Every structure is written in structure tokens, then in C-alpha cells.
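Position one of the sequence shown corresponds to residue 211 (our numbering), numbered consecutively onward. Beta carbons are placed, not taken as given, at the ideal position from N, Cα and C, and that holds for glycine. This one's a predicted model, so the numbers in the text were calculated from it and none came from an experiment.
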Amino acid sequence: MIISVASGKGGTGKTTISVNMALALGRGVELLDCDVEEPNAHLFLKPKIERSEKVEVPIPLVDLDKCTFCKKCSDICRFNALAVVGKKVLVFQELCHSCGGCMVVCPEGAITETGRELGFLNFGARDGIGFINGRLRVGEAMSPPLIKQVRAAANPRLITIIDAPPGTSCPVIAAMNGADFILMVTEPTPFGLHDLKLAVEAVRLLGIPCGLVINRADIGDRKVFDYAEKENLPILLTIPFDRRIAEAYSQGKNIVEEFPEWRQCFTELFRKIEAIINERGGAHA
Ligand code: SF4
Ligand code: SF4
């Protein structure tokens, strides 16, 4: 079962929800931090990191001794990652999407693959909870391939909880695509509602069931609640603004550990998600 925890905007408490649900469920769960530009779930889960792996993506390497400068490679590249200029073939590594098209069309077999470093995967665990995060190389702009690598490394026998990046663009889609359920974390403010609407539109395009956690539920107004009702989005958990929770968060502490009465709430949150997934025919095999 794959549950992706997302939010239209940053700062809604998405990581808090992901980590606390993982802690409430315990053994048998794997938490994936797919916010590869700013991974921070490890600061709260505090796993023991056991190993790291470098992640590379393939990019073309041109052998100028074989090249006839026919431009077939640059013509097919829709990302403008190749340019044939006189007797040179320029490769703009950051633009390459590793589709391999240039290699296929080169009539001279002049293009082979080399690797470009994207970042790292870190693997660890805490109290039987598996943990993987991705960390994008500083200066690297292309996060979806690294997010896909984090997801590919997940153990399919475990319940996967994904801490997705914020927003509604390609990295979020990479973290939500193929999930059994999207848990959208929001807050009842005009900004929260605006970004929630965009995020829900993206989820609907993916055709994945979705439910809400409303954090700091007693600040702001009722418009998020009204929107949820109108759009038939189940509100699965509300967390009131509580100074003690905010203080615990600021110290890297977790709700279910500091306030044991919340453990049951996060277990029930999972049970509600599980029931919705089962109603729709169960999790992906
Ligand atoms: S397709 Fe091959 S031969 Fe033609 S310009 Fe590109 S690398 Fe050179
Ligand atoms: S692998 Fe694809 S994206 Fe990269 S340079 Fe070749 S054609 Fe362009």
C-alpha cells in the first residue's frame, strides 16, 4: 500500500503527518522522504542511516572521431540538449532528460552513455520503521528522476508512506503517481485553500482517491471545510492549533511521542485511509 502525503503549499505540516503516521503504525512501514530538494523527515524520525548510494542519470557522450555532424541527434532532441556547431557537438547536460533518442537515431553509432550525478539516496531505519530519503545535488534542477529512484528503492512488502514535495508541479506528480491514496495536508486560510484547490485538481487528473488532514484547524475560516464538503473530499483528521505541539515541532519532537493520546488518532487516520482504499478494490499488487 502506498500513501502519498502532499500539500499544495509548504509549511502545512506534511512532514509532521507523514512521520507521526509512520511512528503510530511502527514496524512494517517504510517512510520515503521524496522532498529531495529539502529533505527533513529524518530530523523528526531520527533513523540510523545505514548506507548511501550515489544516483546518476544517463546522458550522451559523443565520439567526434565517428561523428559526421549530420545533426540527426540535435534534430530529435526536443529538450535542445544537443547542438551541432561546425565540427563540434555540444551536450547541455542540465537540459538532457535521458530519453536515449539521440543514441537511437545516430547513424554512425557515435553516441554512447555516460553518467551525470543527480544526488544521493540514504537508507536507514528506526525501531523497525524503514527509511529512505533522496538528496538532490546542490545546483541540480531536475528532481523527478531522483524522486523516481527513491520510490523504486522502496520495499513493496511494506506500507509505504511518501512525504511528497510541496506544490503541484512535476516533482509532486512524481511523488504521487501510482499511489493508492493521496493524503492532502492543508490549513484553513485563504492561501491554504488556494493551493489546496490546485493540488486537488492535479490529484483528480491522476485518478487517485484523496482525503484531507486539516492542520491548525481552529485558525482562519471555514472555507476549506466548505470546499471539502462541496468536492466530496473526506476530512480524515483535524489537528487544532496547540502551542505545545508547535513547541514540540520546533524542537524536532513528534506528536505521538510527546502526547501519547494522539497515537490513536494517527492509527485511526491510517485505518480510514485503508478502508477507502479497500472500498475501491484494494491497494496495487
Ligand atoms: S547523429 Fe551522430 S553522427 Fe549525426 S551529428 Fe549526432 S552524433 Fe554526429
Ligand atoms: S538523451 Fe534525449 S534528452 Fe538527452 S540529449 Fe539525447 S535526445 Fe536529448
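For a test of the three-state rule: what should DSSP assign to residue i, helix, strand or coil?
i	result
residue 277	coil
residue 230	helix
residue 325	strand
residue 418	coil
residue 361	helix
residue 441	coil
residue 284	helix
residue 332	strand
residue 429	coil
residue 377	coil
residue 352	coil
residue 435	helix
residue 411	helix
residue 370	strand
residue 302	coil
residue 318	coil
residue 215	strand
residue 391	strand
With residue i and residue j assumed to form a contact (beta carbons below 8 Å), what rounded beta-carbon distance in angstroms separates them?
i	j	result
residue 233	residue 466	5 Å
residue 422	residue 403	The pair is not a contact, with the Cβ atoms about 11 Å apart (cut-off 8 Å).
residue 244	residue 374	5 Å
residue 345	residue 249	6 Å
residue 451	residue 418	At roughly 29 Å, the Cβ-Cβ gap does not stay under 8 Å, so residue 451 and residue 418 are not in contact.
residue 371	residue 241	5 Å
residue 427	residue 448	4 Å
residue 332	residue 445	Actually they are not in contact, since the Cβ atoms of residue 332 and residue 445 sit about 34 Å apart, beyond 8 Å.
Please tell me whether residue i has its Cβ less than 7 Å away from any Cβ of chain E.
i	result
residue 362	Absent from the structure: chain E. Only one protein chain is present.
Compute the minimum distance between the beta carbon of residue i and the heavy atoms of ligand 2, and state whether it is under 6 Å.
i	result
residue 223	no
residue 293	no
residue 289	yes
residue 380	no
residue 194	Residue 194 lies beyond the residue range present for the chain, which begins at 211 and ends at 495; the question has no answer from this structure.
residue 325	no
residue 496	With the chain running from 211 to 495 in the structure shown, residue 496 is simply not present.
residue 311	yes
Quick check: does the Cβ of residue i come within less than 6 Å of any heavy atom belonging to ligand 1?
i	result
residue 272	yes
residue 279	yes
residue 320	yes
residue 282	yes
residue 316	yes
Looking at ligand 4, does it come within less than 6 Å of residue i, judged from the CB to the closest heavy atom?
i	result
residue 404	Among the ligands modelled here, namely ligand 1 and ligand 2, ligand 4 does not occur.
- Task: Ignoring anything shorter than 3 residues or poking outside the stretch 449 to 485, list the beta strand (DSSP E) runs there in chain order.
- Result: none
- Task: Tell me, please, whether the stretch 357 to 368 touches the stretch 390 to 408 by the rule of three or more beta-carbon pairs shorter than 8 Å.
- Result: The stretch 357 to 368 vs the stretch 390 to 408: no contact.
- Looking at C-beta atoms only, is the number of pairs between the stretch 265 to 272 and the stretch 306 to 322 that lie closer than 8 Å three or more? yes
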